[in-house]
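Worksheet: the structure to be examined is printed underneath.
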Amino acid sequence: MPTIQSTYAAQHARWSEGMVLDMEPSVVVSRLCEDAEGIGFGKVAVQGTADNQVVDSEATVKFCGIAVLDETQPFGKYEQYATAAIMKKGLIVVQASVAVAVGDPVYYVPATGVLTNVSTSNTLIANAQWDTSTSGAGLAALRLG
């Protein structure tokens, strides 16, 4: 039988995208994932066709929240028709596309959902700010609400 894994990390990763960072009060709602490609954990979710549906980022649609990590999802994201946990208020881990600083406003690129602190041609997430800093692209804490 061939060796499948011969090396192991000494520690698990500090954070994962979509991870809820602490137990402070938060608001997480359930919505149906409308997109055929699904919605990844820690990614922007915007309003779908129906009131109870969400899709991944699109240019002209209202921001709903950030997809929360769910280890029970078999493909590492919310598949089409899955019930997605969407954080509207709280502290969540996301991928910052550039260096960010604590207190910076949070924007997303409408066409891709990439999160940044750059305002040019991007959409502001109202009442959101970066809660940790990065020296470049990397995982950071985002505070919603």
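The sequence shown: position 25 = 417 (the numbering used here), numbered continuously.
By construction, the Cβ of each residue, glycine as well, lies at the ideal position given by its N, Cα and C atoms.
In terms of Cβ geometry, Leu461 and Asp523 do not form a close pair [threshold 9 Å].
For Ser408 against Val498, the beta-carbon gap comes to about 19 Å, at or over 8 Å, which does not count as contact.
Excluding sequence positions up to five before and after Val510, its CB lies within less than 7 Å of the CB of Val490, Tyr499, all in the same chain and listed in chain order. 9 Å or more divides the Cβ of Ala474 from the Cβ of Gly530. Within 10 angstroms of the beta-carbon of Glu426 lie 16 or more other beta-carbons, which makes it buried.
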